[in-house]
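Quick notes on the structure that follows.
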Amino acid sequence: SMLVVSDKHHRQGIGSYAIEFSEKFVKEKGFCKIAIHTTEDNIPAQNLYRKCGYVITEYGECTTGDGVRRMGYTFVKEL
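Take 14 as the starting number for the sequence shown in the numbering used here and just add one per residue.
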């Protein structure tokens with residue numbers, strides 16, 4: 014699944030809340046790890062993921078929401 018916060022709503026805690034909610038949901042389903050993908054040029058998202066305790070585990074091609082394939086990172090967090 015994909016989640017995008019519109020530019021006009023950046024820096025309002027929405028992304029952090031969405032990550033926290035997703036982590037709780039995944040943990041309740043019995044999973045112990047969560048992964049997030051983002052493109053290499055999305056520095057604000059990368060900073061947010063690091064702030065939330067995620068670490069980069071892979072670098073490679075990923076597909077964006079509009080179907081474009083670009084280089085990016087996989088961030089993982091143990092729950």
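For glycine and all other residues, C-beta sits at the position ideal for the given N, C-alpha and C.
Tell me whether residue i sits in a helix, a strand or coil according to DSSP, three-state version.
i, result
"lysine 46", "strand"
"arginine 24", "coil"
"tyrosine 72", "strand"
"valine 39", "helix"
"serine 29", "helix"
"tyrosine 62", "helix"
Looking at the C-beta of residue i, does it have a partner C-beta in chain D at a distance below 8 Å?
i, result
"threonine 52", "The structure shown contains no chain D; it is built from a single protein chain."
Sort out for me which residues DSSP pairs residue i with in a bridge.
i, result
"glutamate 91", "Lys46"
"glycine 78", "Paired residues: none, contrary to the question."
"glycine 85", "Thr52 and Gly73"
My understanding is that residue i touches residue j, with C-beta atoms under 8 Å, so please give their C-beta distance in whole angstroms.
i, j, result
"methionine 84", "glutamate 74", "6 Å"
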